[in-house]
Structures are given as C-alpha cells and as structure tokens.
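Residue numbers (the working numbering), protein chains in the order written: chain A, 1 to 335; chain B, 1 to 649.
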C-alpha cells in the first residue's frame, strides 16, 4: 500500500505542477499577440463619431473594465482570484457576455458530438486493424487501404464532400445547424428526430477520419503480437483461434487505450472542421473565433478547460495503469 | 468484452441524450416560453390595454376564443415549436453569433433586431423618429408625425410624435422618451452619447412635441445641424420608464447599464423577441403593433415571424440560401447572376443587371503620411493610383457588382444620383483617372524626379529605393485581390509594393494608431450613406481633426493635413444655399484629386441584398415603381417591404 501511496502522490504532485505551468502559459501566450481587443470594442462603440475626445474616454473606460492597463502580473493575479470564484471573465469579442455563459452554451454540443464519434471511430478502427492483421488477404489488401485513403483525406475536404453529396446533391441530410432551421427546441419526437438527423453528417465526418489512424496502429500491434512466442506456443497447444485472437487483442489494446483516453481528454477542443462546415454548434468554432479576435479571456478559458481535461485523462491513465499493468507498477515502485 | 460493450453503449446513449438536452435547452431563452411571474403580469397588462377606446378594429376580433389566444405575444409564443414556412421570413448574413443583449442603449450590439445607424436603422423591434431612404435621400416619419422643422438660426429642431405610437406594454410613446434616451445615452456614454453628445446640448419634451437643442459655436451658430438629422434616423427611442428602472437596478453605474441584457425591455416596433440561442434568433409579430394605425402603415407586416439562423461562415450561408432556407441574404456572392442564369434558382437582386445592388461606399486605399516618401510626394501617390487596373478589381474582386470608374468618375461622392449632383463634374474632369494609365503614371514620376538611377528596375527617392507594402485584413478576399492589383501596378511603374495580410484583430489595432508606420498603403471603407453624407465621408477622407489620435475610428487614417480642406469641411454643415454647397464640394474634390491622400478601389453596396423567392415574393426591385429601399427589408425605409410581401403559393 505504501508503494501505491508514493506512486499516486508523485503523480498528483506532477499533475498540479503541470496544471500551474499550463495556466500561466494559457494566460500569458494569448496576451503576447500584437493586437488590442479593447480598440476593437471601442471602434464598435464609437461608430462614426467625429468627437475624438469621447472615443478616448470610451477606450480608457474599457481598459479599466478589462484591466488591460494593469501590469501583466497584476492581471494574472486578478485572473487567478476570479478563477477561484468561478468567474472566467467577460468576453471581448462577444462583450458583454460572460465567458462562462459562452462556454456552458457550447460545450454540451461538443461533448455530445465528439465523444461518441471518437469511441465509435476507435472501435471500428481497432476491430478493422485487428481483423486485417489476422485475416490478411482482402481485408489487408483492399479494406485497409480504402479506409486509410478515406481517413487521410483532409478533414476539411471530407466534410465538404459529405455536405455536398448528402445535403446539397441528394438532399437526404440537412445543410446546417444542430436542429432544423424551422424549429424551436422542445421536447417532442419531431425535435428529437431533427437533432438526430443534424447529428449524422458531423458525426460521420469525425468517425471516418479517425478510423484509419486507429486501424493502422492496431494492425501493427496485432502483427507484432501475432508473432510473439506466446501465440506460437498457444497454437502448438492447439488452443482455438478465437481464444488466441482474444489474447492478442487484449495485449495489442493497451497502447490503443492510451490513445483513446488522450483523444477523449482533447475532445473539448472541439471538432472545428465539423462545426464550421456544418455550422454545428460547439466550442471549437467558439475558440477559433476567440483566437482570430484576440479574445484573451475566452481563449484562456477554453485552453484551460482543454488542459484540465487532458491532464485528468493522463492522470487517470497513470493511476489505472498503476493497477492494471504490472510492468508499469513495478517500474514505478522501483524508481 | 460484453461488459465493456454495454458500458460503451450506455456512454454513447448518455452523450446522445446530452446532445438532445443541449438542443432542447442549451443557452436558449424564449422570451415567453417559460412564463415568469413578471411576464405573466406584463401579459395581463397588455390584455387590459386592449380594452381602451384607442384599440383598433383588430382588437374587436379578439373576443373570439381563437383571437383571445393571440391577444398577447406572451401567450402565443409559449406554444411555438415550429415556424411555419409560409409565416416566417428567414434572413442570412445579419447575425453571426449568439445575441449579446436586447438593450437599445447598451454596448456592442450584435443583435439582428438592434442595429441603429443613420444610414438605416433596423426598426423591427425598436424604432427611430424617421426612416432614411438612401435611394432618394428622403426621411420618412416613423415615430415622428410629419416633417421636422428648424428655427431660423438652425439651432433648434422641432419634431412631433404620432399620437398612435405605443410601446409593447400599451403605454404611449412621448417626446419624454426621446429626451430620456438622449440624456441616459450621454450619462452612460454609449455610442449615441459619444457620437452626438458634443453636438446636441439637450432634447426638451412637452407631451408629444420635442425640441433638439444643438450645441453652439462661439459665434452662436449651430455646431453641426447635419448630425442632428443623423440623430433622427440613427438613434432608437427607448422607453423612459424602462430606462429609469434599468438604471436604478444598476445603481446608475455606466458600465453596468451598458452591459445590462435588457430582457425586460418594452419596444415600439412590430416584432418582439420570441426565442434565441447560439443557433437561432426568432422574432414574433406583435399583433397589437401601433403601426397598423392609419397614421402609419395601416396594416401589420406580413410575416408573422422573422428568423435568423447562425451560420458558421459565408459558405454555409450560401448553401442555406441556395437551398431556400434563407429568403433575404446580406452576403457578397461572387458572380451572383449565375444563381439564376446557370443554376435556375428563384434568386434575384434589386437590379437584374450589373451592378445588381445599390453601391454606396468606396473601399479605399489610404496612403500613410507617416512615411516620408508618401507624405512628400503627391506625384507618387497619384502615379500609383493612376496605374492601378480598376477594371480588373471590379471584374475579379467584385465580379462586376460595382459601377466602373468610367461610369462613375472618382470623386468624394458615392454613386447615387443625389450625391453625384453635389459637385461640378466638368470642373474636376481633368483631375480624374479611370486607371491602368501606366505611361501617364511613369511620366508623372519622371517629371517629379522620382526615377530609377541605379538601373535595378525600381525608382529611388533621395537616393533610396522606394519600397512600400499594401495591406488589408486576412481573409477579406475581395480586398486582398484588390491589394494584389495595387502591388502589380507598383511593379508596372517601377515602385516595389509587397502585400501584407494580417489578421483583423491585429490590423484594426495597428491602422487606428496615429503614429504607425507598419502599414503604408492600407484599406478601409469610409462612411456609406446617411443624412450627414457626403460631408461625413469627406471628413473621413480629409479632416485633420482626426490626426494624431490613437484608437482613431473616425477617419483620415493616413494622417493627411490640408488647412483649406479643413476650413471647407468646418463650413459645410451650416451651408444651406445649394450653389454654395456645390461649390464647396467641388473645391474639396479638386483638392482630393490633386493631393490624392487616398484612392478608392471600387464601389460597393453598404449591404448586399439578394432574395430567394421560393416562398416569399414581391421584394423591392428597381423597376417596380415602389421606390422601396433595397436594404434587407429591415433597415431604414426598407422595412416597408415587410408590409408588401406576398406568398408565392
């Protein structure tokens, strides 16, 4: 038990150190951009005024409100203080909306789209990779290359192709949005059906591009495992193929599980391409717009959430590995 | 494995449910979908007002059960789940993100329903005193009753409010509302306060009559009567009682007042808020709208709902427009004529031939006078401008959705007939250029002594090679194409010009700084149209009052100074004699075309306006004889179109 405690403590300490460093970077990096978002708000407020003194007054007021006239370290301390109070600040680009309001309205859509898509892509990819490695022949020579080809079409291109074929040409899928353009959200079957219909193209655009990477990884691992001594020995013992494939699959899966956890951790960053091409709501396009508008508070909040999700995924993996993989456990305990 | 499969299935199902929940609730907020006690009481008040004698004929019909259900928007909207296509007019290109607020005197509006501008305010929810028609330059009364009047020395403008005008809560609109709106705007420092605070002393109210008292010069004359007229078309009237409530709940703190979301705000326009989230904004018609009175429109607008879905970008908007999911689209579509000529879609524009829309503004390349070679050499400035291939810009960047500079010779005026009549064309004829004049430009440079002395193909000034950059924001594709053509023009006359396309967030920071030298030839558009134009645009092109100021969004970004131009610009707002005004604008144009502190690259609509007539028809067109402004059916006098729309089927 002592070994476990030491192992977990070490991991959590590193988690906290990484989190702090990431928070500093999340805060500082956007502010190094050579742009002044306060000037943008001032411009929108001032309109076409010819009274230049009044414009300066507006600028000073917003500088004060956002604290951009204070030294960076003071701004950071204010950011930390507000963060502990759950206040992520006010957005520059969507002023006067609160950052927390913007994120809460988009993150649900992103998670609901990304996580099932990542899991489905992961399952299909892994099954395909394992089958290709084991069956070879047509699977390895036709199905795998075709999947690889589809997966390697740039995400932007494949999404546009899906949109053109299914929405524009064949008109079997909607062109944009998270639900029908002529509906107002409500708890009815028609609305549920509409959400599911709008879900299809963005979902499959993510699944299609994630299959290839998973399949090739799984295929390599499976081929390696299939040539391992324990497989040959099992065959000598006359153990049936299905049982052997089960062993192989489990051993080859370990690195793939890491990949899955990391993907889920990073899912909060959003499916930018899918969100833009299909005008699907989510945090990806929110973050993209924030970056182009130099919206520091929104960028910092988005990257902070992504950082935390990835760190939690990594920490969880470390902890789970500590239990399930004796090799990891032994290495950590020895260290 | 079976357990894992079950777990995964459960997870997937859970996330799908999350998606549905996000869809059903999200950040969406229906004004009336969930009835709060306040809303309920408001609804009751609205019902009561219908019993007053002032109620129109329509209120009589409300005695039937069906009509009673429709008697207040609050009761109606709670049940709305679908927007019947034949009752809904869909817009595109006017709302690009979740609505920030509903505050007509707030800050940083991004709301489709709230866009106050002298050029043509969107009056679907909040209303202005007058509506501007940029086709004729006329002002049409909206909340105002008849024409406004000036006193003898043009220091006071008197207007009257229509007796029929009412707020959505049934109370009458009065001049006190106009006065309070101005007073509060100055107090909290919103856009209205900033723009007009220095030029309007006060607005005084007496019942339905209001007097705008202009700030005076030292000589006792009005500071700027043109801006007072801009005020009439560009500033919404908010309800005085609501302003008091809003300011009180924010302890009169200006920032808090600017940030107030104003979800309880009463409005005087024909539509109110029904639903909005991060994908959609829907307004619903107020069937008790005062404007159905004979003193205004005499009827309700035809569409029951106005809706705007939020698309990620231009491409998504275009796809939806072609699919008939958008009826009115404010978006630049290259080669728009192909939509009806080649694709056979029921899409049309105001003009059925080039330039398809009414061009009001002139995207312009500004010379940076902080760069000595540009400041000291008007010949260099003119030579570059003369060498630019404008027909290519208009044909390629604008796909001919702009008149050419041969059709509308360059000046300080936009292409509308009204503005073109404001200067003497013959007097400046010799100073104008239509572009692509490489030999003329070279001769001008040679004459000015700007020549290539070291034989490298590029000209020098004071012994140094002239090397400039041409900039505009990244992703503004038509502007980028124009800048490439400017760079090519430089190459043709021996001036090195390279292009630079920073992101907008950086671009806007730099070009609004008075001492910047990073951008040497850079693009931005001056004012398009309004009662104060072309004076406002001339100020933007030439007034030195904007020189030396940081965060300058007002104009003259190139820091050009000309004392004679300043004198004329200061005088114009008080000139009432037409001949004198024409002489003043002609002289300004002469100075501008001689000195070339900037040069326009194309003409462009203030707003693009294409319509898909799959569901609705009878949109304004140039030859229909109705003279309705082609401004997306919602801005300025364009809103009249909503009262004349017809269903295709």
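We put the CB at the ideal spot given by N, CA and C, even for glycine.
Using a 10 Å radius around the Cβ and a threshold of 16 neighbouring Cβ atoms, would you call residue i buried or exposed?
{"i": "residue 542 of chain B", "result": "buried"}
{"i": "residue 275 of chain A", "result": "buried"}
{"i": "residue 221 of chain A", "result": "buried"}
{"i": "residue 612 of chain B", "result": "buried"}
{"i": "residue 98 of chain B", "result": "buried"}
{"i": "residue 199 of chain A", "result": "buried"}
{"i": "residue 53 of chain A", "result": "exposed"}
{"i": "residue 224 of chain A", "result": "exposed"}
{"i": "residue 13 of chain A", "result": "exposed"}
Examine chain A for any beta-carbon lying closer than 7 Å to the beta-carbon of residue i, and answer yes or no.
{"i": "residue 80 of chain B", "result": "yes"}
{"i": "residue 232 of chain B", "result": "no"}
{"i": "residue 292 of chain B", "result": "no"}
{"i": "residue 325 of chain B", "result": "yes"}
{"i": "residue 508 of chain B", "result": "yes"}
{"i": "residue 549 of chain B", "result": "yes"}
{"i": "residue 447 of chain B", "result": "no"}
{"i": "residue 108 of chain B", "result": "yes"}
Please return the same chain residues whose Cβ sits closer than 6 Å to the Cβ of residue i, not counting the five positions on each side in sequence.
{"i": "residue 122 of chain B", "result": "115, 634 and 635"}
{"i": "residue 525 of chain B", "result": "361 and 363"}
{"i": "residue 148 of chain A", "result": "212"}
{"i": "residue 427 of chain B", "result": "586"}
{"i": "residue 202 of chain B", "result": "213"}
{"i": "residue 211 of chain B", "result": "156, 158 and 204"}
Given that residue i touches chain A, what residues does it touch there, using C-beta distances under 9 Å?
{"i": "residue 450 of chain B", "result": "Result: empty, since nearest Cβ-Cβ is about 32 Å, beyond 9 Å."}
{"i": "residue 194 of chain B", "result": "45, 46, 47, 49, 51, 54, 55, 57 and 58"}
Would you please verify whether the beta carbon of residue i is less than 7 Å from any beta carbon of chain B?
{"i": "residue 296 of chain A", "result": "no"}
{"i": "residue 68 of chain A", "result": "no"}
{"i": "residue 28 of chain A", "result": "no"}
{"i": "residue 217 of chain A", "result": "no"}
{"i": "residue 175 of chain A", "result": "yes"}
{"i": "residue 279 of chain A", "result": "yes"}
{"i": "residue 86 of chain A", "result": "no"}
{"i": "residue 154 of chain A", "result": "no"}
{"i": "residue 140 of chain A", "result": "no"}
{"i": "residue 92 of chain A", "result": "no"}
{"i": "residue 262 of chain A", "result": "no"}
Using a C-beta to C-beta distance shorter than 7 Å, which residues of chain A count as neighbours of residue i?
{"i": "residue 101 of chain B", "result": "96"}
{"i": "residue 311 of chain B", "result": "176 and 279"}
{"i": "residue 259 of chain B", "result": "96"}
If the cut is a Cβ gap below 8 Å, which residues of chain B does residue i touch?
{"i": "residue 61 of chain A", "result": "189, 254 and 255"}
So, does the CB of residue i fall closer than 7 Å to a CB anywhere in chain D?
{"i": "residue 197 of chain A", "result": "No chain D appears in this structure, whose protein chains are A and B."}
Starting from the beta carbon of residue i, find every residue of chain A whose beta carbon is closer than 8 Å, and list them in chain order.
{"i": "residue 552 of chain B", "result": "52 and 55"}
{"i": "residue 504 of chain B", "result": "292 and 293"}
{"i": "residue 612 of chain B", "result": "In chain order: nothing, as chain A lies at least about 13 Å away."}
{"i": "residue 98 of chain B", "result": "94, 97, 102 and 105"}
{"i": "residue 197 of chain B", "result": "51 and 54"}
Leaving out five residues before and five after residue i in sequence, what residues of the same chain have Cβ atoms less than 8 Å from its Cβ?
{"i": "residue 517 of chain B", "result": "368, 370 and 371"}
{"i": "residue 221 of chain B", "result": "153, 154, 155 and 574"}
{"i": "residue 227 of chain B", "result": "195, 196, 199, 200, 532 and 573"}
If the cut is a Cβ gap below 9 Å, which residues of chain B does residue i touch?
{"i": "residue 193 of chain A", "result": "The premise fails here: residue 193 of chain A is roughly 10 Å from chain B at the closest Cβ pair, so nothing lies under 9 Å."}
{"i": "residue 241 of chain A", "result": "In chain order: nothing, as chain B lies at least about 16 Å away."}
{"i": "residue 168 of chain A", "result": "319, 322 and 323"}
Given that residue i touches chain B, what residues does it touch there, using C-beta distances under 7 Å?
{"i": "residue 36 of chain A", "result": "509"}
Segment contact flag, the region 78–86 of chain B with the region 170–187 of chain A, C-beta cutoff 8 Å, min 3 pairs = With a cut-off of 8 Å, the region 170–187 of chain A and the region 78–86 of chain B count as touching, because enough Cβ pairs lie within range.
request  = Flag this pair as touching only if the region 327–342 of chain B and the region 380–393 of chain B have three or more C-beta atom pairs under 8 Å; answer yes or no.
outcome  = In short, these stretches do not touch, since the Cβ pair count stays below three.
request  = Would you check if there are 3 or more beta carbon pairs closer than 8 Å linking the region 98–111 of chain A to the region 300–307 of chain A?
outcome  = With a cut-off of 8 Å, the region 300–307 of chain A and the region 98–111 of chain A count as touching, because enough Cβ pairs lie within range.
key: Meets three-Cβ-pair contact criterion under 8 Å: the region 199–216 of chain A and the region 121–138 of chain A   = Touching, per the Cβ criterion.
inquiry  = Closer than 8 Å is the cut-off here; do at least three beta carbon pairs connect the region 471–488 of chain B with the region 397–415 of chain B?
reply    = Yes: the two stretches touch, three or more of their Cβ pairs being nearer than 8 Å.
query = Between the region 216–226 of chain B and the region 278–290 of chain B, do at least 3 Cβ pairs fall closer than 8 Å?
reply = Fewer than three Cβ pairs drawn from the region 216–226 of chain B and the region 278–290 of chain B lie within less than 8 Å of each other, which leaves the two stretches out of contact.
request  = Would you check if there are 3 or more beta carbon pairs closer than 8 Å linking the region 571–578 of chain B to the region 551–559 of chain B?
outcome  = They do not touch, by the three-pair rule.
request  = Tell me, please, whether the region 403–414 of chain B touches the region 423–441 of chain B by the rule of three or more beta-carbon pairs shorter than 8 Å.
outcome  = Taking 8 Å as the limit for Cβ pairs, the verdict is that the region 423–441 of chain B does touch the region 403–414 of chain B.
message = Count Cβ pairs between the region 244–253 of chain A and the region 185–193 of chain A that sit closer than 8 Å; are there 3 or more?
response = Contact between the region 244–253 of chain A and the region 185–193 of chain A is absent, because fewer than three Cβ pairs lie under 8 Å.
ask   = Is there contact here, the region 186–203 of chain B with the region 164–174 of chain B, by at least three beta-carbon pairs under 8 Å?
value = In short, these stretches do not touch, since the Cβ pair count stays below three.
query = Would you call the region 580–597 of chain B and the region 288–298 of chain B touching, i.e. three or more CB-CB distances under 8 Å?
reply = In this structure the region 580–597 of chain B does not lie against the region 288–298 of chain B, because fewer than three pairs of beta carbons, one per stretch, are closer than 8 Å.
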